[in-house]
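One structure is given here, and the rest of the page talks about it.
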Amino acid sequence: MSFSFWKGTWITQLLVFSLYILLSTATSSRPPRILWAQRRHLLYLRVVIPELVPSSLQVWLNDTHVSVSGESADGPAQYAVQARLFRKIEPAGSSWEANNLGEIQFILQKFWEWRYWPRLLHTYDPDSEIQQSIQVDWKRWKPEFDDNTNEEDEDLMAPGEDSDWLDDEVAVKKPANFVDETFNRTHLALLDDDRSLRSFLQLEGGQQQLATVLFFERSYSKRSTLHRQLFRLFAATANIVHKKVAVGSVDAKASSKLMRKMRLTAFPAAKLFFPNGDMFDFNPSELKNVKGFATFLFRQLNPAWITIKDTDMLVRVFLRMPRVLLGIFDDEERIKAEDVADVVAKTYRAMPEPPPVLFARLSTTLLPDIFNASVGNSTVAGIMERIGMEGLVSEGFRGVVLVKEFEEPQKYTGPMKKDALTGWVYARHFNALEQITPNNFNEFRRRKIPVLYILLDDEVSAHEGILDWIRPLAKEYYGRISFVYTRVSGSGDLMDHLRCEYQGVTFAVMEDFVDEYRYCADATPTKPLTPERLRRLAEGVLANSLKPDKVASERVPDPKKNIGPVFDVVADNLMETVMDYGRDVVVHFYAPFDEKWDEDEFELEKVAEAVESAPALKITKINGISNEKPSDFPEVGYIPCTWMFPANDKHNPRYFNKTIGGFTAENLLKWIKAEASHPVEAPGLSDTAMEPPPDAEMEKAATTSKPPPVQQPKPKPNPQKSKSKAKLDDVMKELNNLRKEMKKDEL
């Protein structure tokens, strides 16, 4: 029986088997004994039917259920169970066998790696017969903290995941509602070895003209959310495109031999496979939604090149497309340049977000007709001039030329190799000066070179001819600075992004995408924008000799809401805050995605509450990712980090070394007391544990009167205790948040 037949009839088989179970139950069946154990990626199941009659055994499983029935020779008696599992499993990666002891042994692959399941069944019902027949398989049991199948912290929470799963008592009764697993994957094949992949890719002669495969990991880690999202995206898209495109998936961790053969080491990854043997990589993370993914796949079914067949088609291509990579080749002889250009065209077609370049092929046999048409047709003549066709024909050029609107045509004269030509097309497809839009903004960002925005005033008379004198300057800095323009009225989001003020006339802003700095060339009616000002701005940024006007900053917090005890600061008020000469100021730089930030914030708030009554001390925090460091602020080093600016020594900030003793409230308090210019009292927090030892005489007396304590072995970490501590910390954080809300209400 083929896999496709099995896949297409599993619902029927489940109904038949369920009917079989019901009929068996009607004849006084009983649930067998079920023993289970687990790892993060596997379930071990043993269903025990005493004196099993082998010919009566019936076993069936899918991604949610395991069903077993059989007769016992001792009785005779009928045993049957149909168990819905706590979470989904992967049937294709699971197996079972029966031994002579009447045990049906299962090894079930969990659909996604996770922490240990709190129970085996989907629904918790202590009174059900199945629940009462379930026991622990002590032969295979292993505690979760001793499971080395995953290096991640056992208490790691995925984004949006319910922390109740960390509490064993709550989790065992909690409803198993996992929305991310409720999707249809009927048309997404799981390929587990080289043989199944080769069979999957046999597209010739069938309706499917293309195959795409996602290589993912089931591991439970900080990256697992992306893998799950992409798996669902591929499954949903497969349901739409399966008649034309075969969509498959490979569990990379379970198929290491295949991954070595495919030379894949980083995941997630994705590939396109064509019937002629062509294979192209693409970045699945760039796919936004099902519609976009389906459009991307259907685009692969179109030719990578447009073949210009007549003069009318030539006109349509160059009137509609501002950028065309034109290949001029002979029909009689295929040269290497044509083969390389063909591969490059297909490579760009395989990009989820390709640059706006049209690949077009022109046969030399069509040139006489085009020249004849240009004699009496100004449109054709203009296109010929734009291409520079007369010069290309006179030199007998065969190859590719990049033709852009308002630009001179550029011939490719480099090595005829795929990577070289691909890089040349990407680097050269940008115009020296072009309009920026939300659709092409990311293109310029990916170039990693400064961008000079020309923000045009809405009054037409105010900028007539301005682009004409900017264009030669843009060509001069081509490849080093991207010159772009847009109207002020149609770029509200961009204006917010640049954070420079519009004063009624055209002005310019330079953005450095490496350091994320902004440099403003402000303009007023009395001080307009000039080529000299733009040249000075460009040279200053390239020479790194200008001070940025603006740095990325969140909005300055509202003083009525920013009430402490840990005060929020942003880039725009950072210098003002730390340079307060009347206070010792502590500033902590954090990253929101840091898995330790919740713990660090708790300790920071704890010490801030303890010193809240100290008027000459201020404790602050700043998001070091969303806020850039002002140019005159000292280097902060790696984030997270903590600095103090003492009141009497602002230009010599102190660094808190958390590697000695850790980031705790006690260590912070000791450091603050030692570095602050003003005395610090903390009645609500004891730092006696961090006090220096008594003087030498007292220590000597103590050691002579008492023997030294015996060193006890360090106890092993108790996972249950760590979970209890996590719960206690959560409660303390909730109380702290409640205290803040009450304080706001008082104000």
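Each residue of the sequence shown is one higher than the one before, starting from 1 at the first, in full-length UniProt numbering.
By construction, the Cβ of each residue, glycine as well, lies at the ideal position given by its N, Cα and C atoms.
Remember, predicted model here, so these are calculated numbers, not experimental data.
Query	Result
Which same chain residues, not among the five before or five after W671, have their C-beta less than 7 Å away from its C-beta?	F656
As an exercise, report each continuous alpha helix (DSSP H) stretch of at least 4 residues that is fully enclosed by the region 288 to 349, in chain order.	290 to 300, 311 to 320 and 336 to 349
Compare the C-alpha of T186 against each of G102, A337, F231 and V509 and name the closest.	F231
Would you identify the three-state DSSP class for N283, choosing helix, strand or coil?	coil
Checking the sheet assignment: what are the DSSP bridge partners for R46?	L35 and Q105
Based on the DSSP secondary-structure assignment, which residues constitute the bridge partners of H65?	R84
Write down the C-beta distance between V59 and L45 rounded to the nearest angstrom, noting that I regard them as a contact closer than 8 Å.	Not quite, the Cβ-Cβ distance comes to about 11 Å (not below 8 Å), so this is no contact.
With C-beta atoms as the reference, is F359 less than 9 Å away from G388?	no
Starting from I89, follow its DSSP beta bridges and name the residues at the other end.	K110
With distances taken from CA atoms, which of V290, Y426 and E407 is nearest P354?	Y426
Would you say K253 and E217 are within 9 Å of each other, going by their C-beta atoms?	yes
Mind pulling the alpha helix (DSSP H) runs of 4 or more residues that sit fully within the region 477 to 536?	492 to 498
Determine, using beta carbons only, whether S95 comes closer than 9 Å to chain C.	In the structure shown, chain C does not exist; there is a single protein chain.
Ends of the beta strand (DSSP E) at F215?	L210 to F216
Return the CA-CA distance between Q109 and D63, expressed in angstroms with no decimal places.	10 Å
Would DSSP call P715 helix, strand or coil?	Confidence in P715 is poor, its pLDDT being 45 and thus under 50, which makes the residue's placement unreliable; the coordinate value appears in the next sentence. The answer is coil: DSSP assigns P715 none of H, G, I, E or B.
Take L455 and list the residues in its own chain whose beta-carbon comes closer than 6 Å to its own, dropping the five residues that flank it on each side.	V488 and F507
Using a Cβ-Cβ cut-off of 8 Å (strictly less than) and excluding sequence neighbours within five positions of L495, which residues of its own chain qualify?	In the sequence as presented, Leu is not what sits at residue 495; that position holds Met. Excluding residues within five positions, the ones whose Cβ falls inside 8 Å are L455, V488 and Y502.
Comparing C-alpha positions only, which one of D457, T437 and R428 sits nearest to R447?	R428
Using 8 Å as the cut-off, can you tell me whether the region 317 to 325 makes contact with the region 395 to 406, which would need three or more C-beta pairs spanning the two stretches below that distance?	yes
Measure the CB-CB distance between P70 and L57 and report whether it falls below 9 Å.	At residue 70 the sequence reads Gly, which differs from the Pro that was named. In this structure, L57 lies closer than 9 Å to G70 by Cβ.
Just checking R535 against the ligand NAD - is the residue's beta carbon closer than 8 Å to any of the ligand's heavy atoms?	Absent from the structure shown: the ligand NAD. Ligands present: none.
Which residue comes first and which comes last in the beta strand (DSSP E) that contains P623?	For the sequence presented, residue 623 should be read as Asn rather than Pro. Run containing N623: L617 to N623, per the beta strand (DSSP E) assignment.
P415 to L421, Cα distance in whole Å?	8 Å
For V213, which of A647, R228, Y220 and L191 has the nearest alpha-carbon?	L191
What did DSSP end up calling residue 748 once you bin it into helix, strand or coil?	Outside the displayed span of the chain (1 to 747) sits residue 748, for which this structure offers no information.
I'd like to check one pair, P565 with E628: are the Cβ atoms closer than 9 Å?	no
Let me confirm a value: W36 is counted as buried when at least 16 other C-beta atoms fall within 10 Å, else exposed. Which label applies?	buried
For the structure I just gave you, are there three or more beta carbon pairs, one from the region 266 to 285 and one from the region 327 to 342, closer than 8 Å?	no
Report yes if the C-beta distance between S677 and A647 is below 9 Å; otherwise report no.	yes
Check whether the region 577 to 591 and the region 475 to 490 are in contact - that is, three or more C-beta pairs closer than 8 Å.	no
Can you list the alpha helix (DSSP H) stretches of 4 or more residues lying completely in the region 535 to 580, in chain order?	571 to 578
Can you grab the Cα-Cα spacing for the pair T364 / A432, in whole Å?	30 Å
Starting from W138, trace the beta strand (DSSP E) both ways and give me its first and last residue.	Taken as a continuous stretch (DSSP letters only), W138 belongs to no beta strand (DSSP E), as it is neither H nor E.
With DSSP collapsed to three states, give me the class of F183.	coil
Give the list of continuous alpha helix (DSSP H) stretches no shorter than 4 residues that lie fully inside the region 342 to 391.	367 to 376 and 378 to 387
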